[in-house]
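Chains as they are written, first to last, in this note's numbering: chain A, 6 to 343; chain B, 271 to 554; chain C, 16 to 532.
Data block below; observations after.
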């Protein structure tokens, strides 16, 4: 077990290095001048040159890359060309907002999907089953950015019952400020007994989380249904039924446990997919997370931020994949880690 | 063959998806004739006609520069079809070749290919695609290249898996016995035998490829104006969206429709070909 | 059931708030400004060159300029005198003014802070370059000796670089920690990254306070237009600096809100690459100038928020001359010129770059493209991030650069000369002159105008008009429109218009002059 983990982590480091290298090269392909972005419109040639020096742009690319990697080991992810602030700090400050959104979206999606999948598997080929399958395919096929806007239109503008954007109403943010300890407003508001804020934060979470939940619902409903049907037809299940074991017990005890496995694996993958999907969704809902931050960075060619986000997301992918594999091994003793 | 068709016909999802695909291909093929205002999709503008709501003349209304949204959406179907299929072909070419090589030849080459595959797979695909398009310069062609680069790894892995299973089979032995070269064996004998599941997966994925390309255009990194690509249309309608909903809604709906059709067909095919699924109906 | 309870609670709370119970510190009047971009960038007053909406209320200048009346308001300087040769400017510094740090304002402090700004060389400190020497000739008298008689009063009332602060505090880190050493009506309290800032009343402000003024102001970055609009409509914010032009109609109809269309001294320009065929031929450039649908662009791309430009100096900025020719959309003339240039059927392609994400620029490009189609000229529209765009324009090989660079331009001080210099004076290597235009006569004239502007503004204006006539005939740059921006506020706010509409200080709100009814 330990050697397995160590090996995986070693591989992970190699992957991260490779990812950073590829991203770095990509940002060097375009003939661009980040120094001009740094100094702004009214800068003199001397100031531009000084900025180039400061940003290390006068060195050849391999020197710049080496310096960047060196900085990584000291925890220095460079400085954003647009905001002049350290990338690491900005990413860390914005990460909880994204994580909160993703956690809620995925939780809702997975649970709803599992329930739907089970119910559909219980009555294969029925109308309910067909509808569920349609919805599950639809959830994965849905263009997230478009769906977000439609939800905004229907619930925000036409019906007017849910807020359009942001994490919290501005007035409430001023009069009932949330003391941010964890960065997760739901938790912070709860812990400080700030019910007004809790209400408001919850309402603001609904639409973006619903948008992000579509993919996990689709994926897990389809997967659970498929696995459940497969498992339900296994001989030992039939035997249990033949012996008169109660249906529900069969369902939960035996079938579900076997079906959970692939869901765990795919949760890890869809978590990262969702994390990336937030690039689109966060921009539309003006959600102050790393998604909207990255979208802005890509549009303004903010190299350090792009590199920082790539490394962050790639690390999360690797970690979650490892966690999923380990979790799977724990859940299912038949699986052996090699 | 007829048994398959009959089975297929009994699967409502597959039928619905197939119907959707047929509509899509027909519209794309006949797009020049279906568009009521074909000049609009090439860039013509009519300011005086801006932001009209859907009506008899303009089924989907007009956008902020007065262009007929229905024509734009129809023209976009051809763009999405061509983009989706070309990218898919590109992915298959790279993925199949590398997967076959890795699976069949093995050795250090296989290791190298698989490590590169792992590297690319650890990258969240949209982020990599965004970085590649930003690097190459925003354009539809570069977006397609970026999507192809992010997708080939999973096909490489898939192919390799299939090939590993077939490597020891008899027909391979016999082909070797009669002196066929490795390349010939790979492409003439092994490939046709493992193609089916790969094709099904691709069918499921073409829709998602189109979706990813549109997402890149939505961010401004893909198709450039005035190309009537659906993702780009959705983003250009964004600032007027809450007061003039039609500019964004219809292109997005078209996109959803097409991706859904591909996914339904893929899903249906998978069910059709998977023996375990077929048992399910009879079990209860 | 739980959900229903939640809704009831939400409605109850909202009703309470609607009833006007603002449970902040009792009796405090707080203003809120929702801004479309980030609210802060720099903290050190020697470095601040942009986004003044916060710092305008914290730091002050010697003079403040009102272009509509061409009037200078004495702020930290009560009066000034100019010598006959325009080289000596003597300012009387206001007495009884305190910095937020507690130190008093005097001539020595003014000299000290300007010298610090100059020596640090950050931001737009080069704005002080015309100054040869600063002398303290009395406890409250400062004399500037200039190298050339430039318009120094315009310099000291600039948008940035000329803020007066306490030179005793010279550590940038102290400023970055959130402290300020200004003299303004408000002092800096706190910020949340670059997205939010709070300022609070400085009790000892030299103008004094009356009841009803704002005790505190919060600046918040709200990039999404729909959210800003909603905040305005629900009364949650007092001010916002712009809304997507499509929303303005609906907002204008709202009796609780006031919409102003303010001139912001920002030009909407197409720069032609004069070093690359076919645009190296002035006939082709002229022809293209007649193919641009100016009115359509103002209606369709700017959605009405702009006026056709006359020349390269924006309306209401001195140096502007309505006499400068404005091109119009005239396909017949364009065709004749194209034929004369040797392209009777068009047949060439132009690469047009604009800033990725900018809706106005994109639409302008699309509108022009659609017109060019009729001349058989292909416009290849490309969105690029700003630094890639400028990087391309600085490519050592002119043939690789774009053909048309779509860009905005705006001045740093209320003077058109640096603006024109940036745009079309000879630059080698090019900086912002991305048409690569080089005309020694123009360069000389601009230099001369700059040198006499201090003593002879009229003369300088006449020269600038001459320069514009020359350049518009060569048309390396087509000035499409002078932009306007919508400024929207609550109708319940009372105060002079110039407190928030002054093109010399765009998007800035002088909260000290406002009150809530």
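Don't be surprised by glycine CBs; every beta carbon is placed ideally from N, CA and C.
No experiment lies behind these values; they were computed from the predicted model shown.
In whole angstroms, what separates the C-alpha of residue i from that of residue j?
{"i": "residue 553 (chain B)", "j": "residue 244 (chain A)", "result": "In this predicted model, residue 553 (chain B) has a pLDDT of only 36, less than 50, meaning its place in the structure is not dependable; the value taken from the coordinates is given anyway. The straight-line gap from Cα to Cα measures roughly 13 Å."}
{"i": "residue 89 (chain A)", "j": "residue 299 (chain A)", "result": "15 Å"}
{"i": "residue 427 (chain C)", "j": "residue 186 (chain A)", "result": "42 Å"}
{"i": "residue 250 (chain C)", "j": "residue 46 (chain C)", "result": "11 Å"}
{"i": "residue 334 (chain A)", "j": "residue 276 (chain B)", "result": "42 Å"}
{"i": "residue 464 (chain C)", "j": "residue 86 (chain C)", "result": "20 Å"}
{"i": "residue 159 (chain A)", "j": "residue 290 (chain A)", "result": "14 Å"}
{"i": "residue 327 (chain C)", "j": "residue 294 (chain C)", "result": "20 Å"}
{"i": "residue 171 (chain C)", "j": "residue 285 (chain A)", "result": "45 Å"}
{"i": "residue 262 (chain B)", "j": "residue 372 (chain C)", "result": "Lying outside 271 to 554, the shown extent of chain B, residue 262 (chain B) is not represented and no answer is given."}
{"i": "residue 49 (chain C)", "j": "residue 524 (chain C)", "result": "11 Å"}
{"i": "residue 198 (chain A)", "j": "residue 430 (chain B)", "result": "56 Å"}
{"i": "residue 29 (chain A)", "j": "residue 95 (chain A)", "result": "20 Å"}
{"i": "residue 201 (chain A)", "j": "residue 113 (chain C)", "result": "42 Å"}
{"i": "residue 549 (chain C)", "j": "residue 441 (chain C)", "result": "Outside the shown range of chain C (16 to 532) lies residue 549 (chain C), about which nothing can therefore be said."}
{"i": "residue 247 (chain A)", "j": "residue 238 (chain A)", "result": "12 Å"}
{"i": "residue 642 (chain B)", "j": "residue 435 (chain B)", "result": "The structure shown has nothing for residue 642 (chain B), since chain B only spans 271 to 554."}
{"i": "residue 510 (chain B)", "j": "residue 279 (chain A)", "result": "27 Å"}
{"i": "residue 341 (chain C)", "j": "residue 484 (chain C)", "result": "10 Å"}
{"i": "residue 360 (chain C)", "j": "residue 390 (chain C)", "result": "7 Å"}
Suppose contacts are defined by Cβ-Cβ distances below 8 Å. Is residue i in contact with residue j by that definition?
{"i": "residue 320 (chain C)", "j": "residue 260 (chain C)", "result": "yes"}
{"i": "residue 135 (chain A)", "j": "residue 282 (chain B)", "result": "yes"}
{"i": "residue 530 (chain B)", "j": "residue 142 (chain A)", "result": "yes"}
{"i": "residue 502 (chain C)", "j": "residue 529 (chain C)", "result": "no"}
{"i": "residue 391 (chain B)", "j": "residue 423 (chain B)", "result": "yes"}
{"i": "residue 214 (chain A)", "j": "residue 110 (chain A)", "result": "yes"}
{"i": "residue 470 (chain B)", "j": "residue 370 (chain B)", "result": "no"}
What residues from chain A crowd round residue i, counting only those whose CB sits closer than 7 Å?
{"i": "residue 431 (chain B)", "result": "The premise fails here: residue 431 (chain B) is roughly 16 Å from chain A at the closest Cβ pair, so nothing lies under 7 Å."}
{"i": "residue 242 (chain C)", "result": "169, 170, 171 and 291"}
Roughly how far, in whole angstroms, is the beta-carbon of residue i from the beta-carbon of residue j, given that I think they are within contact range, below 8 Å?
{"i": "residue 178 (chain C)", "j": "residue 109 (chain C)", "result": "Not a contact, Cβ separation roughly 15 Å."}
{"i": "residue 490 (chain B)", "j": "residue 164 (chain A)", "result": "Actually they do not touch by this definition, with Cβ atoms about 30 Å apart."}
{"i": "residue 105 (chain A)", "j": "residue 191 (chain A)", "result": "6 Å"}
{"i": "residue 284 (chain B)", "j": "residue 535 (chain B)", "result": "6 Å"}
{"i": "residue 343 (chain B)", "j": "residue 524 (chain B)", "result": "5 Å"}
{"i": "residue 98 (chain A)", "j": "residue 208 (chain C)", "result": "7 Å"}
{"i": "residue 417 (chain C)", "j": "residue 368 (chain C)", "result": "5 Å"}
Please list the partners that residue i has in chain B, where partner means a Cβ-to-Cβ separation under 9 Å.
{"i": "residue 315 (chain C)", "result": "315, 317, 320, 334, 335 and 336"}
{"i": "residue 319 (chain A)", "result": "392, 393, 394 and 397"}
Kindly list the residues whose CB is nearer than 7 Å to the CB of residue i, restricted to its own chain and excluding five residues on each side of it in sequence; keep chain order.
{"i": "residue 474 (chain C)", "result": "467"}
{"i": "residue 167 (chain A)", "result": "160, 161, 208, 211 and 212"}
{"i": "residue 184 (chain C)", "result": "116 and 196"}
Along chain A, in chain order, which residues have C-beta atoms closer than 9 Å to that of residue i?
{"i": "residue 400 (chain C)", "result": "35, 37, 42, 303, 304, 305, 306 and 307"}
{"i": "residue 347 (chain C)", "result": "Within chain A, no residue comes near residue 347 (chain C); the closest Cβ sits about 38 Å away, beyond 9 Å."}
Excluding the 5 residues flanking residue i on each side, which residues of the same chain have their C-beta closer than 6 Å to its C-beta?
{"i": "residue 150 (chain C)", "result": "158"}
{"i": "residue 327 (chain A)", "result": "13"}
{"i": "residue 320 (chain B)", "result": "334 and 336"}
{"i": "residue 549 (chain B)", "result": "Below a pLDDT of 50, predicted positions are generally treated as unreliable, and residue 549 (chain B), at 45, falls in that range; the measurement from the model is reported next regardless. Hits under 6 Å: none found."}
Can you pull the chain B neighbours of residue i, defined as C-beta to C-beta under 7 Å?
{"i": "residue 384 (chain C)", "result": "313 and 496"}
{"i": "residue 377 (chain C)", "result": "495"}
{"i": "residue 428 (chain A)", "result": "Only positions 6 to 343 of chain A appear in the structure, and residue 428 (chain A) is not among them; the question remains open."}
{"i": "residue 396 (chain C)", "result": "494 and 495"}
Name, please, each residue of chain C whose Cβ falls closer than 8 Å to the Cβ of residue i.
{"i": "residue 518 (chain B)", "result": "Within 8 Å Cβ-Cβ: nothing; residue 518 (chain B) doesn't reach chain C, min ~13 Å."}
{"i": "residue 423 (chain B)", "result": "Ordered by position in chain C, no residue passes the 8 Å Cβ test against residue 423 (chain B), which lies about 28 Å from the chain."}
Do residue i and the ligand NAD come close, with the Cβ less than 7 Å from some heavy atom?
{"i": "residue 501 (chain C)", "result": "Absent from the structure shown: the ligand NAD. Ligands present: none."}
What does residue i reach in chain A if we use C-beta pairs closer than 8 Å?
{"i": "residue 499 (chain B)", "result": "None at all; the shortest Cβ gap to chain A is about 13 Å."}
What does a CB cutoff of less than 8 Å around residue i pick up in its chain, not counting 5 residues either side in sequence?
{"i": "residue 399 (chain C)", "result": "368, 369, 370, 371 and 407"}
Residues of chain B with a CB under 8 Å from the CB of residue i: which are they?
{"i": "residue 381 (chain C)", "result": "313, 315, 335, 495 and 496"}
Below 7 Å on C-beta distance, what does residue i contact in chain C?
{"i": "residue 490 (chain B)", "result": "371, 372 and 398"}
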